[in-house]
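Here is the structure we will look at.
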Amino acid sequence: MENSIIKIENLIYEYVKQEVLDDGSTVEKVKRALNGISLDIEKGSFLAVVGQNGSGKSTLAKNINGLLLPTRGKITVKGVELADDERIWDIRQNVAMVFQNPDNQLVASIVEDDVAFGPENLGVPSEVIRQRVDDALKLVGMYEMRNKAPHLLSGGQKQRIAIAGALAMDPDIIVFDEPTAMLDPKGRKEVMAIINKLHEEGKTIILITHFMEEAVQADRVVILKKGSGILLDGSPKEVFCQSETLRDVDLTPPLAVELGDRLRARGMDIPQDITRIEELVEYLCQLK
Amino acid sequence: MSIEVKNLCHVYEAGTPSESRALEDVSFTIENGKFVGIVGHTGSGKSTLLQHLNGLLKPTSGQILIDGVDITADGTSMLDIRKKVGLVFQYPEYQLFEETIAKDVAFGPKNLGIEGEELENLVREAIEMVGLDYEDYKDKSPFEISGGQKRRVAIAGVLAMKPEILILDEPTAGLDPRAHKDVMDMIKNIHEKYHNTVIFVSHNMNDIANLSDQVLVFAKAKLLKDASPREVFAMKEWVLDKDLDLPDVTNLCEALREKGFDLSETIIDIDQAEKEIYDIFK
Amino acid sequence: MIRDITLGQYYNADSVIHRLDPRIKIIASLLYIVELFVVDSFIGFFYATAALGLVIALSKVPLSFIFRGMKALLIILIFTFVINLFMIDGTIIFKLWIFTISKEGLYAALFMTFRLVLLITGTSLLTLTTKPISLTDGLERLLYPLSKLKVPTHEIAMMMTIALRFIPTLLEETDKIIKAQQARGADFESGNLINRAKNLIPIIVPLFVSAFRIAHDLAMAMEARCYKGGEGRTRLHPMKYGKRDLVAYVLVFAFLASIILLRIFI
C-alpha cells in the first residue's frame, strides 16, 4: 500500500500459561492468541477490529505499540520495526492507547496532571506540556474540568480524560481497546463522537470493539476469529453483508442485514449489500 | 410475589451540604410473575431503588410492600427479605471469592442456614440453571474461567437462594455479543421455568423491548413512566427527548411509516416487522 | 459515606498559600509540628493560634471545611482530654465516686487537646492547600539528596501519587463488595471476634482481586504512556522558588526563632 503507516506481517502471538495438574505438578501450555495476522494500515484511516472475546483483538492492539512483543512475524510502524529496542519509546509515543476500564488508566488525582503524564515521561519542556494539555482537554471538551479529581467524574468523562492523555503525547496513531465497553449509551456516544473528530483531524484510528454500530462508523472493518486470524476484511458494507459468516462467529449482523435476509428468504428481491437502516428504507420505497 | 412501592424517597446525607436526592416520591406496583425492565441514565436513581427492594438501603420516607408485607418496618428480618428478593449487582463477578465454584455458589444459601444435601441440591440446580455443567465446573476455581462464565457463576450465587423476585442490575454490562445473548436467554429461561418476578436494568432498548412486560423509566430521581414497552416506545419524541434510544426495529418501521407504508404503530419486534413488510409486497 | 472524610483532601482555591512552592509548605509544616512541642505555655499556644489563624485567612479555605475534617477525629480528641483529665494526680478540685479531677489533670487535658487541635488543623492545611501531586513532587525533590544513597525517592513519590489517586476508587469498590455480599445474606455485624474476622474473607478476597486487576491495568496504561522511571521526566508544573517563597522561608524561620525565645524567656 502506498500510504501505509503500520505494516503487520504474519504476526503470531503465543501466551505461555502455567497449568496445575491434579497431582500438583505444573505444566506450561502454549496458547496461540494470534495466528498469522497480516495487515497494512493506511495513514489517516479508521480501522475497526471486531471479534468475540478470545479472538485476540486486544492482543493485537497491544502488539501494535510494543506492550506485547510478537512471538513470530514483524510489525513496522512508520518504517521502524517494533523489535528495535532503541526505538520502542518513539513507537509508543507515536501509537497512543486508550484502554477499556476508565478508572484503571488514570494515574494522577487531578485531571490536568493526568493528561500531562505522557508528555512528562517523554521529557517535553514544561511550556509545551501546558500547551498540549490545554489543547487536548479542549478537544475532548473537558477543559473546564481540568482541576477536578477523576473519581468525581462519570465513566464517559473519565474516558475523555484518558483520550486527552493519549493526545497529549502527540501521536499519529491512536489505538482504542474497547473504549466504550464499560460506558452507558450517553458516554458511548460522547466517546464515539471524539473518535470521529480525531479521525477527521487526520489521526489514524484503530478501534477494537464488539459493538457493530460503532464498527459501521469506520472506513475499514476487520473481523477476527479465534485461532484462525482474519476472517473478513473490507469496508463496513462489504463485511456486514456477509451475515452467514458473521453468525458463524456469533456476531449479530446489523438489523438491516438481518431483516433483509429474512425478507429475501421469503422470496423478496433485497440486494445483499444493504447494511444500514436508511438504505433498506430507501430501497423498500423504490420497490413499492 | 408482588411488589408495591409507595411514595418512596431517598436522600443521601440529609442535612449536609452534599445532600442529594436519589429518589423522589416513587410509586409503582409490580404484579407477581412479571418481567420488568428499568431504563434510565447513570445517576437517575435506579441503582438506589434496587438496593431498597432488598433492604440494603432504608428509605428516607415511603413504604415497600412485598406480598403485602412492609419490609421497611422496624424489626423486619433482613434474611427474610434476602430469601425472597435476590439482587444481582453490576459486574457481579467482582464478588467471587471462594476456592471452588460450588463453594462460592453455596455462600448465599449457607447464610440462610441451609446445609447438607439440600444445600448441594440447590447449588447443583443453580449452576445448571445458568447453563454450566455441575460436575465439570463445581471444583474449578471461579477465577480461572472466562468473563462470561464468571458472570453466570455469580448469578448462580444469587439463584441458589431461590429468590421469588430476581433483580439484576445491568446483567450484560461489559460482555461481548455472544455472552450478552447467552445471559439474556438464560434469564428468560429462568423466568419461563420458575415464573418468578424478574426486574432488570438495561441500556439496551432491544432487550427491553423483547423481554419486558412492563417498563419503568427513571430520570433525575423520579419515575417518569410506568407502562408497557409498546406504550413507552410509542412516545418516540418523548423517548428521544429524554436522551434514550428506541429499539432499532422501531426506528426502521417508523421511517417506513413516514414514507407512507401501512404498518402498525410502534412495532418493537423483528418478527412482526418482517411479517408486515412482507404482507405489503405480497 | 466514606468518601466524605476531608482529612488529606485538597481544597481548590487560588490563594498565596496555594501558590507557594510545596517544598516550603512541607518544611513549614514539619517545623510547625516541632514548634508545637517546644511551646510549653498557654501564651505560646495563643501566639501559635494567631499565626495559624493568619495562614488560614490567607489560604481562603473556609473554617467550616477544616472543622468538618476534624469531626472524624473527635473521638481521639475526647479520648485525649478524658485520659489526661482523670489520670493525672495532683491537687484534687472535684471528686465523684471513683472519678477525681486534679488541677494538674485539668491543665494537662486542656493543654494536650489544645496542642492536638493545633496540630491537626495546621497539618491538614498542608494537604488542603497543596495538590496531592505537587505534594509528592515536593517530597521527591526534598528527598532527592537521599537518592544519592540509593534510596528510591522517585519510586516512593510515584507510589504515593498512585495511592492518593486510587484510595477513593478502592473505597468505592469496598462499598460495592460489602453490599453485594450482604445481598447474599452475609452478616458482618454479629458474632464473636473470630467469627467476625472470618466473615471478612468474602470482602477481603474480592478486594485483593480488584486491587491486583487495577495494578495490572494501570501498569499497562503507564507503560503505554511511556513511563520509564524518574529519569528524564519533565513537569507540567516545574518547581521553581519565587520571591514569594523566599519571603515565606524568612517568615517561617523568624517564627521558629520567636517560639524558641518565648520558651526561654517566659
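Those protein sequence lines, which keep their order, are chains Z, B and D. Quick note on the working numbering: the first sequence kicks off at -18 and runs consecutively. Quick note on the working numbering: the second sequence kicks off at 91 and runs consecutively. Quick note on the working numbering: the third sequence kicks off at 601 and runs consecutively. C-beta atoms are modelled at their ideal positions from N, C-alpha and C, and glycine is treated no differently. Since this is a predicted model, take the numbers as computed values, not measurements.
Exercise for review: Grab the span of the alpha helix (DSSP H) containing Gly137 of chain Z for me, first residue to last.
Suggested key: First-last of the alpha helix (DSSP H) with Gly137 of chain Z: Gly136 to Leu148.
Review point. What does Lys286 of chain Z reach in chain B if we use C-beta pairs closer than 7 Å?
Key: This structure gives no information on residue 286 of chain Z, because the portion of chain Z shown stretches from -18 to 269.
Review point. Between the segment 773 to 801 of chain D and chain B, which residues of the former have CB atoms less than 9 Å from a CB of the latter, in chain order?
Key: Residues of the segment 773 to 801 of chain D that bring their beta carbon within less than 9 Å of a beta carbon in chain B comprise Glu773, Lys776, Ile777, Lys779, Ala780, Gln781, Gln782, Ala783, Arg784, Gly785, Ala786, Asp787 and Ile801, in sequence order.
Check your understanding: In whole angstroms, what separates the C-alpha of Asn128 of chain Z from that of Ser664 of chain D?
Key -> Going from the Cα of Asn128 of chain Z to the Cα of Ser664 of chain D covers about 22 Å.
Point to revise | Leu735 of chain D vs Thr723 of chain D beta-carbon contact at 8 Å | key: No, these two residues do not count as a Cβ contact at 8 Å.
Point to revise | Counted within 10 angstroms of its Cβ, other Cβ atoms place Gly206 of chain B as buried (16 or more) or exposed | key: With fewer than 16 Cβ atoms within 10 Å of its Cβ, Gly206 of chain B is classed as exposed.
**Study point:** Whole runs of the alpha helix (DSSP H) within the segment 232 to 275 of chain B, excluding any shorter than 4 residues
**Key:** Within the segment 232 to 275 of chain B, the complete alpha helix (DSSP H) runs of at least 4 residues are 237 to 249.
Review point. Roughly how many angstroms lie between the CA atoms of Gly176 of chain B and Ile683 of chain D, to the nearest whole one?
Key: Their backbone Cα atoms lie some 48 Å apart in a straight line.
**Study point:** Phe157 of chain Z - DSSP class collapsed to helix/strand/coil
**Key:** Look at Phe157 of chain Z here: in three-state DSSP terms it is strand.
Review point. Do you know offhand how far Arg784 of chain D's Cα is from Phe711 of chain D's?
Key: Cα to Cα, Arg784 of chain D sits roughly 50 Å from Phe711 of chain D.
Check your understanding: If you compare alpha carbons, which of Z:Lys38, Z:Asp21, Z:Pro83 and Z:Asp94 is closest to Gly60 of chain Z?
Key -> Answer by Cα proximity: Z:Asp21.
Practice item. Classify Ile860 of chain D as buried or exposed, calling it buried when 16 or more other Cβ atoms lie within 10 Å of its own Cβ. Key: Exposed, since its Cβ has fewer than 16 Cβ neighbours within 10 Å.
**Study point:** 8 Å Cβ cutoff, Ile626 of chain D in contact with chain Z
**Key:** It does not; no Cβ of chain Z falls within 8 Å.
Check your understanding: For His270 of chain B, which option in Z:Asp4, Z:Lys12 and Z:Asn34 has the closest C-alpha, if you only look at C-alpha atoms?
Key -> Just measuring C-alpha positions, the residue of Z:Asp4, Z:Lys12 and Z:Asn34 sitting nearest His270 of chain B is Z:Asn34.
Exercise for review: Tell me where the beta strand (DSSP E) around Asn97 of chain B begins and ends.
Suggested key: Run containing Asn97 of chain B: Ile93 to Tyr102, per the beta strand (DSSP E) assignment.
Check your understanding: Are any of the Cβ atoms in chain Z nearer than 8 Å to that of Met219 of chain B?
Key -> Answer no: the Cβ-Cβ gap between Met219 of chain B and chain Z never drops below 8 Å.
Practice item. Classify Glu319 of chain Z as buried or exposed, calling it buried when 16 or more other Cβ atoms lie within 10 Å of its own Cβ. Key: Given a span of -18 to 269 for chain Z in the structure shown, any question on residue 319 of chain Z remains unanswerable.
Review point. If you measure from the beta carbon of Tyr227 of chain B to each beta carbon in chain Z, is any gap under 8 Å?
Key: Interface with chain Z (8 Å Cβ-Cβ cutoff): Tyr227 of chain B is excluded.
Exercise for review: Could you tell me which chain D residues have their CB closer than 7 Å to the CB of Val322 of chain B, listed as they occur along the chain?
Suggested key: Per Cβ cutoff of 7 Å: no residues; Val322 of chain B is ~28 Å from chain D at best.
Check your understanding: Which residue from D:Ile804, D:Arg863, D:Ala651 and D:Phe766 puts its Cα closest to that of Ile778 of chain D?
Key -> Closest option to Ile778 of chain D, Cα to Cα, is D:Ile804.
Point to revise | Beta-carbon proximity list for Thr691 of chain D, same chain, < 8 Å, skipping 5 on both sides | key: Excluding residues within five positions, the ones whose Cβ falls inside 8 Å are Ser702, Lys703 and Glu704.
Exercise for review: Would you be able to state if there are at least three C-beta pairs under 8 Å between the segment -17 to -9 of chain Z and the segment 46 to 59 of chain Z?
Suggested key: Touching, yes, given that three or more Cβ pairs across the two stretches are closer than 8 Å.
Check your understanding: By Cβ distance, which residues of its chain are closer than 7 Å to Gln180 of chain B, with the 5 residues on each side in sequence left out?
Key -> Closer than 7 Å at Cβ, skipping near neighbours: Asp259, Glu260 and Ala263.
Review point. Would you call His285 of chain B buried or exposed, if buried means 16 or more other Cβ atoms sit within 10 Å of its Cβ?
Key: Counting Cβ neighbours within 10 Å, His285 of chain B comes out exposed, since fewer than 16 surround it.
Check your understanding: Curious, which full-length alpha helix (DSSP H) runs of at least 4 residues does the segment 746 to 782 of chain D contain?
Key -> With a minimum length of 4 residues, no continuous alpha helix (DSSP H) run stays inside the segment 746 to 782 of chain D.
Exercise for review: Would you kindly work out how many angstroms separate the C-alpha atoms of Val661 of chain D and Lys625 of chain D, rounded to a whole number?
Suggested key: Rounded to the nearest whole angstrom, the CA to CA distance from Val661 of chain D to Lys625 of chain D is 15 Å.
Practice item. Would you check whether the ligand MN has a heavy atom nearer than 7 Å to the C-beta of Ala130 of chain Z? Key: Although the ligand MN was asked about, the structure shown includes no ligands whatsoever.
Check your understanding: Smallest Cα separation from Leu222 of chain B: which of B:Glu208, B:Ala192 and B:Lys200?
Key -> The residue with the shortest Cα to Cα distance from Leu222 of chain B is B:Ala192.
Exercise for review: Can you have a look at Phe637 of chain D and say buried or exposed, based on whether 16 or more other CB atoms are within 10 angstroms of its CB?
Suggested key: So Phe637 of chain D ends up on the exposed side.
Practice item. Compile a chain-ordered list of the residues in the segment 803 to 831 of chain D whose CB is closer than 7 Å to at least one CB of chain Z. Key: Those residues of the segment 803 to 831 of chain D that come within reach of chain Z (Cβ to Cβ, closer than 7 Å) are Ile814, Asp817, Leu818, Met820, Ala821, Met822, Glu823, Ala824, Arg825, Cys826, Tyr827 and Lys828.
Practice item. Check whether the Cβ atoms of His131 of chain B and Ala309 of chain B lie closer than 8 Å to each other. Key: Result yes, Cβ atoms of His131 of chain B and Ala309 of chain B sit closer than 8 Å.
Practice item. Using a Cβ cut-off of 8 Å (strictly closer), state whether Ile258 of chain Z contacts chain B. Key: By this cut-off, Ile258 of chain Z is an interface position.
Practice item. Could you please give the first and the last residue of the uninterrupted beta strand (DSSP E) stretch that includes Asp214 of chain Z? Key: That run of the beta strand (DSSP E) goes Gly210 to Gly215.
Review point. Looking at the unbroken alpha helix (DSSP H) that takes in Ala196 of chain Z, where does it start and where does it end?
Key: For Ala196 of chain Z, the uninterrupted alpha helix (DSSP H) run begins and ends at Met193 to Ala196, by DSSP.
Point to revise | Rounded separation between Ile270 of chain Z and Phe187 of chain B - CA only | key: Nothing can be reported for residue 270 of chain Z, as the shown portion of chain Z is limited to -18 through 269.
Review point. How is Gly241 of chain Z classed by DSSP in three states: helix, strand or coil?
Key: Taken through DSSP and simplified to helix, strand or coil, Gly241 of chain Z comes out as helix.
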